[in-house]
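Q:
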Amino acid sequence: MFGNIVIVLALLAGIFSTYKYYKALNGNVKSLNQARIGYHTMTILVITASVFLFYLILTHQYEYKYVFEYSNAELSTGLLISSFFAGQEGSFLLWLLFIVIIGVTLQSQTSKVEGLESRIMMIYSLIAVFLIAMVTPMLKSPFHLIWSQTNYVDIKYFNQSILGMPIFQNFLVSDQSSKQNFVRLGPDLYSVLQYNGITFGDFLIKGKGLNPLLQNFWMQIHPPILFLGFALMTVPFTYAVSALIKNKYDQWIRHALPWTLTASIVLGLGLMIGGYWAYGVLGWGGYWGWDPVENASLIPWIISIALIHTMLVQKQTQVFYKPGRFAKTNLILAAVMFILVIYSTFLTRSGILSQASVHSFEDPGMTVYLFLLFFIITFIVIGIGGVYYRRKSLTNSVEFKENLLSREIGLFYGAMLLIASAIVVFVGTSAPILGQSVETTFYNQMNLPLVILMGSLIGISLFLRWGDTNKSEFIKSIGIPIVASLVLSIVLFYLFGLHDIKLAIFLLSIIFTITVNIQMMVKVMKNGFYFWGGHIAHIGFATFLLGVLTTSTAIESQQIELPKGATKNIFNYELTFLGIKSIDSDNKYSFDIKVKEGYNTFIASPVMFISDYNNSIMREPDIIEGFSKDLYISPTSYIDENENKKTSNNSSSDRSTTLVKNENLTGEILTVDVSIKPFISLVWFGVVIMSVGFTIVIIRRKKENNII
Numbered sequence: 003m004f005g006n007i008v009i010v011l012a013l014l015a016g017i018f019s020t021y022k023y024y025k026a027l028n029g030n031v032k033s034l035n036q037a038r039i040g041y042h043t044m045t046i047l048v049i050t051a052s053v054f055l056f057y058l059i060l061t062h063q064y065e066y067k068y069v070f071e072y073s074n075a076e077l078s079t080g081l082l083i084s085s086f087f088a089g090q091e092g093s094f095l096l097w098l099l100f101i102v103i104i105g106v107t108l109q110s111q112t113s114k115v116e117g118l119e120s121r122i123m124m125i126y127s128l129i130a131v132f133l134i135a136m137v138t139p140m141l142k143s144p145f146h147l148i149w150s151q152t153n154y155v156d157i158k159y160f161n162q163s164i165l166g167m168p169i170f171q172n173f174l175v176s177d178q179s180s181k182q183n184f185v186r187l188g189p190d191l192y193s194v195l196q197y198n199g200i201t202f203g204d205f206l207i208k209g210k211g212l213n214p215l216l217q218n219f220w221m222q223i224h225p226p227i228l229f230l231g232f233a234l235m236t237v238p239f240t241y242a243v244s245a246l247i248k249n250k251y252d253q254w255i256r257h258a259l260p261w262t263l264t265a266s267i268v269l270g271l272g273l274m275i276g277g278y279w280a281y282g283v284l285g286w287g288g289y290w291g292w293d294p295v296e297n298a299s300l301i302p303w304i305i306s307i308a309l310i311h312t313m314l315v316q317k318q319t320q321v322f323y324k325p326g327r328f329a330k331t332n333l334i335l336a337a338v339m340f341i342l343v344i345y346s347t348f349l350t351r352s353g354i355l356s357q358a359s360v361h362s363f364e365d366p367g368m369t370v371y372l373f374l375l376f377f378i379i380t381f382i383v384i385g386i387g388g389v390y391y392r393r394k395s396l397t398n399s400v401e402f403k404e405n406l407l408s409r410e411i412g413l414f415y416g417a418m419l420l421i422a423s424a425i426v427v428f429v430g431t432s433a434p435i436l437g438q439s440v441e442t443t444f445y446n447q448m449n450l451p452l453v454i455l456m457g458s459l460i461g462i463s464l465f466l467r468w469g470d471t472n473k474s475e476f477i478k479s480i481g482i483p484i485v486a487s488l489v490l491s492i493v494l495f496y497l498f499g500l501h502d503i504k505l506a507i508f509l510l511s512i513i514f515t516i517t518v519n520i521q522m523m524v525k526v527m528k529n530g531f532y533f534w535g536g537h538i539a540h541i542g543f544a545t546f547l548l549g550v551l552t553t554s555t556a557i558e559s560q561q562i563e564l565p566k567g568a569t570k571n572i573f574n575y576e577l578t579f580l581g582i583k584s585i586d587s588d589n590k591y592s593f594d595i596k597v598k599e600g601y602n603t604f605i606a607s608p609v610m611f612i613s614d615y616n617n618s619i620m621r622e623p624d625i626i627e628g629f630s631k632d633l634y635i636s637p638t639s640y641i642d643e644n645e646n647k648k649t650s651n652n653s654s655s656d657r658s659t660t661l662v663k664n665e666n667l668t669g670e671i672l673t674v675d676v677s678i679k680p681f682i683s684l685v686w687f688g689v690v691i692m693s694v695g696f697t698i699v700i701i702r703r704k705k706e707n708n709i710i
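Be aware that the sequence shown starts at 3, since it is given in the numbering used here, and climbs by one per residue.
As structure tokens, then:
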């Protein structure tokens with residue numbers, strides 16, 4: 003009850019703040035202070051609701067349905083904290099929490115510029131109101147009591163001594179098909195508990211806990227970073243709408259660019275942490291599977307990168323108080339970026355992708371579905387509709403000379419390639435809405451030529467000057483880097499064993515990008531460290547692509563059977579299955595494998611177990627990491643003929659059944675998938691390098707703008 007009251011009060015405070023900022027925008031001076039009070043009240047209430055949910059989780063208050071569904075007393079403190087955002091309701095509240103906290107900084111920053119605060123914070127408060135509405139009792143509140151509506155809960159979560167009392171026998175239900183017994187938990191049972199003086203906490207004594215796949219260190223980091231990125235992408239949108247309201251477009255870029263850079267780096271890190279998590283834990287051996295829910299977060303990130311580049315053009319080409327080039331493009335991209343964030347939420351949480359994605363939440367009901375749709379439409383009207391409304395005044399009064407050999411045109415074409423890539427991913431991701439689906443090859447084949455052009459354009463544009471470039475000077479300056487890149491690419495082409503001409507061109511574009519940016523770093527060294535940021539980010543991007551290339555084309559993989567004590571050779575490694583040991587509980591096992599490469603010896607311990615959470619087999623690979631390659635070992639099945647035990651995943655069940663029936667089999671056999679992942683470290687290093695470059699650019703832009 004307390005949590006829901008706080009959320010409703012926060013909603014009222016948010017509506018009050020939005021209205022008062024609107025009044026202040028229309029000249030009511032007194033309304034500005036009232037709007038601030040309303041916003042800070044909303045913030046305090048949202049923080050209070052968040053702290054209260056943390057308290058409920060940490061103290062195991064299972065009478066709250068959300069706490070019961072996503073936590074239990076067996077989880078570590080870190081995983082208990084991550085239970086906060088494991089479900090739909092909590093993840094919305096986390097997003098809202100980041101929104102209101104960022105808003106405090108934004109309000110303080112915009113209050114220093116006359117008239118800016120009311121324009122910015124009116125829209126920002128409205129966005130917060132929509133998110134608060136999502137966690138109200140009418141929609142997806144995390145504070146619903148589990149007994150407030152009828153729920154059927156497995157009897158294993160209850161105190162068996164109390165459940166055995168005659169007064170509860172009428173509430174027991176058996177499912178003959180699954181051979182499970184449930185308790186019909188609802189208001190009538192709660193009344194019986196109260197009448198007999200039994201506290202609910204003594205009756206329901208266990209929570210379901212987290213899905214085993216989520217019981218990982220990265221669960222504590224990945225979702226918060228992702229939602230922080232989403233929250234940060236709200237700010238450039240509010241600056242764009244503010245510019246549309248004032249009908250003045252020469253200043254908003256200066257304020258919005260650092261926020262856009264920060265949002266991009268945070269969301270990018272969140273995406274890649276998710277990839278690293280998938281690679282190290284899920285056992286399928288990859289880091290990006292083009293899952294629709296993963297893609298839904300990738301699309302706004304791609305648009306943010308395009309926006310950064312066109313923002314730089316507008317900033318550089320601005321004349322006096324007239325906006326620079328691509329002013330309309332920037333407003334549209336800022337709006338599209340934020341709308342795609344909401345669209346990402348819609349895809350993930352509407353249940354539309356429940357059959358197409360392993361990450362999708364269950365169907366939340368028609369009310370939530372329609373509200374999310376209304377959320378999207380509202381801000382399409384505000385953002386895109388605002389640009390259309392101001393279309394005449396957005397026509398530049400400054401004449402810009404069209405010159406293909408100019409840096410602004412190079413950056414613009416680069417942005418268009420990024421947008422094309424985003425459209426490809428958007429189409430593939432949205433296909434399930436129409437009852438269709440696309441293979442992962444669709445994304446790879448469609449994006450490969452775009453990425454090749456991007457890599458080439460990154461290098462070429464750095465030799466172009468703003469405004470105009472002398473053609474002969476351009477040809478002269480670009481010749482040496484092209485030759486050097488070509489020679490190095492030929493060497494690497496044969497070193498990596500590539501055979502496809504498209505991949506050869508891809509490799510050339512990557513090497514060209516790295517070569518040119520290193521050359522430019524040397525050239526601007528005298529200007530100081532802060533001018534390196536963009537070049538470092540480009541090198542990081544190219545390094546990442548090089549890792550993608552090597553891991554996509556040169557992977558070796560094989561499934562082998564390892565009888566206990568026997569040694570088998572594979573990929574120049576000697577693998578010996580040492581045995582099995584119980585970890586954490588009797589149901590969870592690690593399989594120790596001695597791995598020998600030359601004089602080096604390692605112990606790999608992949609894990610496989612049957613989870614009580616969903617009665618499914620879970621596999622956790624073990625990875626022996628190196629700079630030039632990773633040895634990836636994922637368990638597939640285990641057979642102990644001596645104890646007549648068999649554990650296998652679905653894909654190997656037929657194989658395991660055959661092994662069990664083999665009369666010549668004695669002892670234990672572990673079947674594993676063994677893979678060599680060449681230079682996958684370049685993927686992770688590339689992201690780190692790119693993040694460092696972004697950070698330097700952010701610092702530089704803040705210094706230039708004197709924004710702290």
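Where a beta carbon is used, it is the ideal one built from N, C-alpha and C, also for glycine. Note that this is a predicted model, so its numbers are computed, not measured.
Alpha carbon to alpha carbon, how far is T20 from M235? Give it in angstroms, no decimals.
A: Rounded to the nearest angstrom, the two C-alpha atoms are 19 Å apart.
Q: Mind checking whether A336 and A242 have CB atoms under 8 Å apart?
A: In contact: A336 and A242 (Cβ atoms closer than 8 Å).
Q: Of all the options A75, I134 and I378, which has the alpha carbon lying nearest to the alpha carbon of L96?
A: Per the Cα distances, I134.
Q: Sort I582, P451 and V427 by Cα distance to V440 and report the nearest one.
A: Residue V427 is the option with its Cα nearest to V440.
Q: Measuring alpha carbon to alpha carbon, tell me which of T369, I103 and I157 ends up nearest V714.
A: What is shown of the chain runs 3 to 710, which leaves residue 714 out entirely.
Q: Identify every run of the alpha helix (DSSP H) within the stretch 25-94, keeping only runs that are complete inside it and at least 4 residues long; order them along the chain.
A: Complete alpha helix (DSSP H) runs here, min 4: 32-60, 67-72 and 79-84.
Q: Can you tell me where the alpha helix (DSSP H) holding A336 begins and where it ends?
A: Element bounds for A336: A329 to R351.
Q: Smallest Cα separation from A417: which of I379, F348, I334 and V429?
A: The residue with the shortest Cα to Cα distance from A417 is I334.
Q: Check whether the Cβ atoms of F145 and Y66 lie closer than 8 Å to each other.
A: Yes. Within cutoff.
Q: Nearest to M167 by alpha carbon, out of F205, E76, S180 and V489?
A: Out of F205, E76, S180 and V489, F205 has the C-alpha closest to the C-alpha of M167.
Q: Under the three-state reduction of DSSP, which class applies to A556: helix, strand or coil?
A: In this structure, A556 counts as coil in the three-state DSSP scheme.
Q: Could you check how far apart the C-beta atoms of L633 and I678 are, in whole angstroms? I think they sit under 8 Å.
A: About 6 Å separates the two Cβ atoms, so the contact holds.
Q: Got a sec? Which residues, its chain only, sit under 6 Å from S491 by beta carbon, not counting five neighbours each side?
A: L509, L510 and I513.
Q: Of all the alpha helix (DSSP H) runs that stay within the bounds of the stretch 149-237, which reach a length of 4 or more residues?
A: Complete alpha helix (DSSP H) runs here, min 4: 162-165, 189-197, 202-205 and 224-234.
Q: Starting from A606, trace the beta strand (DSSP E) both ways and give me its first and last residue.
A: Per DSSP, A606 belongs to the beta strand (DSSP E) from N602 to A606.
Q: Confirm the yes/no value for this check: CB of K596, any heavy atom of the ligand PLP, distance under 7 Å.
A: As presented, the structure is devoid of all ligands, the ligand PLP included, so that no description of it is given.
Q: On a CA-only basis, which of V597, P637, R702 and T553 is nearest S630? Give me that one, please.
A: It is T553 whose Cα lies nearest to the Cα of S630.
Q: With A298 and T380 assumed to form a contact (beta carbons below 8 Å), what rounded beta-carbon distance in angstroms separates them?
A: Not confirmed; about 19 Å, so no contact.
Q: Can you give the Cα-Cα distance for S655 and P214, rounded to whole angstroms?
A: For S655, the predicted model reports a pLDDT of 38, less than 50, meaning its position is unreliable; a value from the coordinates is still stated below. Straight-line Cα distance between these residues: approximately 21 Å.
Q: Could you tell me which residues DSSP pairs with N571 in its beta bridges?
A: Paired residue(s): E576.
Q: Between I700 and T431, is the Cβ-Cβ spacing less than 8 Å?
A: No. Outside cutoff.
Q: Span of the beta strand (DSSP E) holding L1?
A: This structure cannot settle anything about residue 1, because the visible part of the chain is limited to 3 through 710.
Q: Determine the contact status of F173 and F377, defining contact as a CB-CB distance below 8 Å.
A: Against a cut-off of 8 Å, the Cβ pair of F377 and F173 comes out as no contact.
Q: Within the same chain, show all residues whose beta-carbon is closer than 8 Å to that of T716, passing over the 5 residues directly before and after it, in chain order.
A: The structure shown does not extend to residue 716, since the chain is modelled only from 3 to 710, so the question has no answer here.
Q: What is the rounded straight-line gap between the Cα of F543 and the Cα of N529?
A: Each residue's Cα considered, the two are about 23 Å apart.
Q: Are V155 and E91 closer than 8 Å when you measure CB to CB?
A: The answer is no: Cβ separation not under 8 Å.
Q: What does a CB cutoff of less than 6 Å around Q225 pick up in its chain, not counting 5 residues either side in sequence?
A: Residue 225 is actually Pro in this sequence, not Gln. So the list reads F87, once near-sequence residues are dropped.
Q: So if DSSP puts D624 in a beta bridge, which residue, or which two residues, is it bridged to?
A: Beta-bridge pairing links D624 to I635.
Q: Relative to the C-alpha of I344, which residue among G535, F239, M313 and T45 is closest?
A: Comparing Cα positions, the closest option is F239.
Q: Tell me whether V526 sits in a helix, a strand or coil according to DSSP, three-state version.
A: V526 falls in the coil class under three-state DSSP.
Q: Using only the alpha-carbon positions, how far apart do L60 and D675 sit?
A: L60 and D675: Cα-Cα distance of roughly 39 Å.
Q: Output needed for G105: all residues of its chain with C-beta closer than 6 Å, excluding positions within five of it in sequence on either side, in chain order.
A: For G105, where only same-chain residues beyond five positions count, the Cβ hits under 6 Å are Y126.
Q: If you draw a straight line from the alpha carbon of L459 to that of L407, how long is it in whole angstroms?
A: Going by the C-alpha atoms only, they are around 12 Å apart.
Q: Assuming E296 and W290 form a contact by the criterion Cβ under 8 Å, report the distance between their Cβ atoms to the nearest whole angstrom.
A: Their Cβ separation, rounded to whole angstroms, is 7 Å, which keeps E296 and W290 in contact under 8 Å.
Q: Less than 8 Å separating the beta-carbons of L187 and N161?
A: No. Outside cutoff.
Q: Please report the distance separating the alpha-carbon of I691 from that of T517.
A: The straight-line gap from Cα to Cα measures roughly 15 Å.
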